[in-house]
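In terms of the numbering used here, the sequence shown has 44 at position 44, counting the first letter as 1, and numbering is strictly consecutive. Okay, so here's the structure we're looking at.
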Amino acid sequence: MAHLAQAFTISDDLAARGIGVGLMIVLIAVGIFLVVFFLAALFSILGADVGCGGKILWILVVLCLPFLGSLLWFVVGRPRPRPYY
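Here it is, written out as structure tokens:
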């Protein structure tokens with residue numbers, strides 16, 4: 001009976017390690033995504049056809065609110081291409 005209890009503790013320990021490793025991989029992937037998203041927003045702002053004051057303002061927004069500022073830039077801040085008629 002003690003042998004059986006020891007087997008459960010070993011498998012529970014391995015499961016906990018597996019969950020820990022999986023969670024660590026997910027957190028690292030999310031972190032890499034956030035850094036790339038932040039840098040993409042900054043480079044997009046620098047290359048955008050926006051006035052100097054607008055660029056400075058957007059850079060400050062993105063620096064103060066990294067994820068939300070980047071998301072706002074891509075949703076509402078980035079100038080849209082004008083249609084050719």
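All C-beta atoms, glycine included, are put in the ideal place defined by N, C-alpha and C. For clarity, every value in this text was computed on a predicted model and none was experimentally measured.
- Cβ contact annotation for residue 69 (same chain, cutoff 6 angstroms, sequence separation greater than five): 61 and 62, in chain order.
- The distance from the Cβ of residue 45 to that of residue 73 is about 6 angstroms, consistent with a contact at the 8 angstroms cut-off.
- Less than 7 angstroms separates the beta-carbon of residue 48 from that of residue 79.
- Here the C-alpha atom of residue 26 lies approximately 25 angstroms from the C-alpha atom of residue 64.
- The beta-carbon distance between residue 33 and residue 66, rounded to whole angstroms, is 12 angstroms. This is too long to meet the 8 angstroms contact definition.
- Under the three-state reduction of DSSP, residue 21 is assigned to helix.
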